[in-house]
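First comes the structure, then the notes that go with it.
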Amino acid sequence: MQFSGGMRKKLKLAGDQRSASYPHSLQFYLQPPTENISLIEFENLAIDRVKLLKAVENLGVSYVKGTEQYQSKLEAEIRKLKFSYRENLEDEYEPRRRDHISHFVLRLAYCQSEDLRRWFIQQEMDLLRFRFNILPKDKIQDFLRDSHLHFEAISDEEKKLRTSELTTSSPSLSDLAVESVYKIPFADALDLFRARKVYLEDGFAYVPLKDIVAIVLNEFRTKLSKALALTARTLPAVQSDERLQPLLNHLSHSYTGQDYSTQGSAGKISLDQIDSLCTKSFPPCMRQLHKALRDNHHLRHGGRMQYGLFLKGIGLTLEQALQFWKQEFIRGKMDPDKFDKGYSYNIRHSFGKEGKRTDYTPFSCLKIILNNPPGQGDYHGCPFRHSDPDLLRQKLQSYKIPPAGINQILDLVKGTHYQVACQKYFEITHNMEDCGFSLNHPNQFFVESQRILSGGKDMKKESMQPETPQPKPSVQKTKEASSARASRSSSLDMEMEGLEDYFSEGFLGSA
228 MQFSGGMRKK LKLAGDQRSA SYPHSLQFYL QPPTENISLI EFENLAIDRV
278 KLLKAVENLG VSYVKGTEQY QSKLEAEIRK LKFSYRENLE DEYEPRRRDH
328 ISHFVLRLAY CQSEDLRRWF IQQEMDLLRF RFNILPKDKI QDFLRDSHLH
378 FEAISDEEKK LRTSELTTSS PSLSDLAVES VYKIPFADAL DLFRARKVYL
428 EDGFAYVPLK DIVAIVLNEF RTKLSKALAL TARTLPAVQS DERLQPLLNH
478 LSHSYTGQDY STQGSAGKIS LDQIDSLCTK SFPPCMRQLH KALRDNHHLR
528 HGGRMQYGLF LKGIGLTLEQ ALQFWKQEFI RGKMDPDKFD KGYSYNIRHS
578 FGKEGKRTDY TPFSCLKIIL NNPPGQGDYH GCPFRHSDPD LLRQKLQSYK
628 IPPAGINQIL DLVKGTHYQV ACQKYFEITH NMEDCGFSLN HPNQFFVESQ
678 RILSGGKDMK KESMQPETPQ PKPSVQKTKE ASSARASRSS SLDMEMEGLE
728 DYFSEGFLGS A
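Numbering-wise, the sequence shown is residues 228 to 738 according to my numbering.
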């Protein structure tokens with residue numbers, strides 16, 4: 228794949244050529260893309276693919292895979308992100324092309340560690356399973372052949388000769404007359420053989436269509452695992468390109484959702500409302516910080532950074548923030564002059580009124596979970612990620628979560644699904660079966676809670692920013708507007724470090 232700073236040169240393909248390029252809505256990604264694409268498209272495709280795979284992960288935890296609800300929600304996500312998902316749809320070339328290129332881009336980002344590879348393989352397998360299950364039966368044989376899987380469906384005559392053996396050995400075989408049975412090498416069906424769910428004869432396994440997906444997924448896992456290992460070996464050469472290195476390094480843990488800045492929401496809440504809003508609409512991470520602040524009249528630097536930017540995002544103005552923190556610190560016996568000299572500058576800095584004049588945005592769930600874990604005496608971080616299970620249970624009980632709900636949340640935490648656990652907390656506290664969104668930001672929790680509590684009225688910011696990844700990696704672009712966007716994003720990490728330095732000196736630094 229080649230990358231250019233200019234616009235991608237579109238390939239002019241006739242209808243037959245376009246169909247031949249991507250004959251199916253799913254693929255094994257056996258051949259890498261060879262066309263030229265712009266760096267802007269490279270970045271956008273990567274971000275959309277991350278969104279898709281995270282949706283696959285969240286839905287797989289929230290619903291039983293293969294159920295009608297799971298299938299319909301995943302199809303909606305794929306359609307929204309404009310990737311391929313069904314055969315026989317008109318003009319499927321572009322969605323399939325996007326699917327092909329974005330998969331290979333993420334291979335570069337997710338081959339860098341064993342944990343990243345494991346996560347990437349699992350989500351790609353779930354996506355392939357979904358697509359394979361909705362593949363028309365008359366297209367399955369063509370797909371297997373194009374994927375270099377030499378599995379041939381046996382004839383009706385062969386099925387009749389083995390009717391008794393097939394129905395006895397394959398519990399999933401409901402109607403032998405209408406369901407296809409595939410003859411595959413025994414070595415490719417070891418999992419079915421161990422479970423005694425397949426008929427063997429002369430070194431071949433006779434696998435019904437309903438069970439063939441397990442064989443296909445196993446082949447896909449093997450091929451993708453080997454491909455990621457090879458990609459990891461060549462990664463140093465790719466990372467030597469200074470345009471790609473920042474993107475690839477941050478892509479695996481970047482936030483790709485809404486930018487919850489204060490535009491349009493500033494001044495919408497008063498200081499008197501914070502205590503009641505905390506109980507009704509704050510996520511547990513912010514609820515924990517607010518309680519610690521009220522109890523101790525002080526937060527250490529990590530907590531003040533996390534909570535201060537969250538309050539800014541829900542609508543606290545600079546003047547309100549100065550008043551809020553000053554009042555609370557004075558209750559803790561701090562001298563007002565000391566606060567004005569040591570802390571006010573840093574609050575103004577976080578609002579973009581000092582220093583580099585950068586308007587900092589609230590932390591996403593990923594940043595809270597992955598960065599700056601809390602130590603002794605700290606209250607920041609994610610309660611689902613950083614709390615002891617027994618303490619978390621006590622905390623949920625104090626929030627009046629019913630025992631069944633607590634067990635559901637703790638099961639999700641045990642499976643390391645921290646954001647989904649928080650989403651389950653949202654659904655329980657708002658009496659909902661399904662909140663209808665994937666939770667990935669504390670300010671999203673607040674906005675959605677307020678919308679529900681107001682009876683569906685839109686209490687979101689009046690002027691919401693388009694979806695912006697946070698942090699956004701930098702890539703050099705030739706167009707002036709793109710260069711400006713890249714300049715902003717390339718300095719994000721540096722500026723965040725600068726913010727932390729400022730906070731550590733005063734407002735967020737003293738213990």
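Glycine included, C-beta positions come from ideal geometry on N, C-alpha and C.
Note that the coordinates shown come from a computational prediction; the quantities given were computed from them, not determined experimentally.
Might you give, ordered along the chain, the residues of its own chain that have their beta carbon closer than 7 Å to the beta carbon of E304, omitting 5 neighbours on each side? For the purposes of this step, residue 304 is identified with residue 77 of the sequence shown, where counting begins at 1. When the five nearest sequence neighbours on each side are left out, the beta carbons in the same chain lying within less than 7 Å of the beta carbon of E304 are those of L279, A282, in order along the chain.
Give the single residue among Q350, G529, L475 whose Cα lies nearest to the Cα of L444. Stepping through the sequence shown from its first residue, residue 444 is reached at position 217. Residue Q350 is the option with its Cα nearest to L444.
Secondary structure at Y249, three-state DSSP: helix, strand or coil? For the purposes of this step, residue 249 is taken as the residue at position 22 of the sequence shown. Coil.
Using the C-alpha atoms, what's the distance from L637 back to A648? The sequence position of residue 648 within the sequence shown is 421, counting from 1. The sequence position of residue 637 within the sequence shown is 410, counting from 1. Each residue's Cα considered, the two are about 8 Å apart.
Quick one: is S391 buried, meaning 16 or more other Cβ sit within 10 Å of its Cβ, or exposed? Position 164 of the sequence shown, counted from the first residue, corresponds to residue 391. Flag for S391 reads exposed.
Do L371 and F447 have their beta-carbon atoms positioned less than 8 Å apart in this structure? Here residue 447 is taken as the residue at index 220 of the sequence shown, counted from 1. Here residue 371 is taken as the residue at index 144 of the sequence shown, counted from 1. Against a cut-off of 8 Å, the Cβ pair of L371 and F447 comes out as no contact.
For A380, which residues does DSSP report across the bridge? Working through the sequence shown from its first residue, we reach residue 380 at position 153. For A380, which the question treats as bridged, DSSP gives the partners Y409.
Which same chain residues end up closer than 6 Å to L516 when comparing Cβ atoms and leaving out the 5 residues on each side of it in sequence? Taking the sequence shown and counting its residues from 1, the one referred to as residue 516 is at position 289. Counting only Cβ-Cβ distances below 6 Å, and skipping sequence neighbours, we find G530, Y534, Y606.
In three-state DSSP terms, what is P363? The residue you call residue 363 lines up with position 136 of the sequence shown. If DSSP states are grouped into helix, strand and coil, P363 belongs with coil.
Does the Cβ-Cβ distance between P601 and F537 come in under 8 Å? Here residue 601 refers to the residue found at position 374 of the sequence shown. Here residue 537 refers to the residue found at position 310 of the sequence shown. No, Cβ-Cβ distance for P601 and F537 is not below 8 Å.
Looking at C-alpha atoms only, which residue of N360, C592, T395 is the closest neighbour of L436? On the sequence shown, position 209 is the one that residue 436 refers to. Closest by alpha carbon: N360.
Any idea what DSSP makes of Y297, helix, strand or coil? Position 70 of the sequence shown holds residue 297. Y297: helix per DSSP, three-state reduction.
Would you kindly check if the distance between the Cβ of E379 and the Cβ of K410 is under 8 Å? Here residue 410 is taken as the residue at index 183 of the sequence shown, counted from 1. Here residue 379 is taken as the residue at index 152 of the sequence shown, counted from 1. Yes, these two residues count as a Cβ contact at 8 Å.
Does the pairing of the segment 623–631 with the segment 269–276 give three or more beta-carbon distances under 8 Å? no
Give me the Cβ distance between I381 and Y433, rounded to the nearest whole Å; I'm assuming they're in contact under 8 Å. The residue labelled residue 381 in the question sits at position 154 within the sequence shown. The residue labelled residue 433 in the question sits at position 206 within the sequence shown. The Cβ separation is near 7 Å, so the contact holds.
Output the distance between the C-alpha atoms of Q650 and Q296, rounded to the nearest integer angstrom. Here residue 650 refers to the residue found at position 423 when the sequence shown is read from its first residue. Here residue 296 refers to the residue found at position 69 when the sequence shown is read from its first residue. Their backbone Cα atoms lie some 17 Å apart in a straight line.
Buried or exposed for M513, please, with buried defined as at least 16 other CB atoms from any protein chain shown within 10 angstroms of its CB. Against the sequence shown, residue 513 aligns to sequence position 286. Under this definition M513 is a buried residue.
Whole angstroms is fine: what's the gap from E262's alpha carbon to E581's? Start at 1 with the first residue of the sequence shown, and residue 262 comes out as number 35. Start at 1 with the first residue of the sequence shown, and residue 581 comes out as number 354. If you take the alpha carbons of E262 and E581, they lie about 46 Å apart.
Of all Cβ atoms in chain D, is any one closer than 8 Å to the Cβ of N285? Within the model displayed, chain D is absent; a lone protein chain is all it includes.
My guess is that L618 and F611 are in contact by the Cβ rule of under 8 Å, so how many angstroms apart are they, rounded? One-based indexing of the sequence shown puts residue 618 at position 391. One-based indexing of the sequence shown puts residue 611 at position 384. Going by Cβ atoms, the distance from L618 to F611 rounds to 11 Å, so no, they are not a contact pair.
In chain order, what residues of the same chain have a beta carbon less than 7 Å from the beta carbon of R313, not counting five sequence neighbours either side? Here residue 313 is taken as the residue at index 86 of the sequence shown, counted from 1. So the qualifying residues of the chain are S252, I361.
From D564 to G604, what does the alpha carbon distance come to, in whole angstroms? Start at 1 with the first residue of the sequence shown, and residue 564 comes out as number 337. Start at 1 with the first residue of the sequence shown, and residue 604 comes out as number 377. Approximately 26 Å, taken between the alpha carbons.
For the beta strand (DSSP E) that contains A548, what are its first and last residues? Numbered from its first residue, the sequence shown carries residue 548 at position 321. From DSSP, A548 is part of no beta strand (DSSP E) but of the alpha helix (DSSP H) over 545–558.
I'd like to check one pair, I328 with P250: are the Cβ atoms closer than 8 Å? One-based indexing of the sequence shown puts residue 250 at position 23. One-based indexing of the sequence shown puts residue 328 at position 101. Cβ atoms of P250 and I328: not closer than 8 Å.
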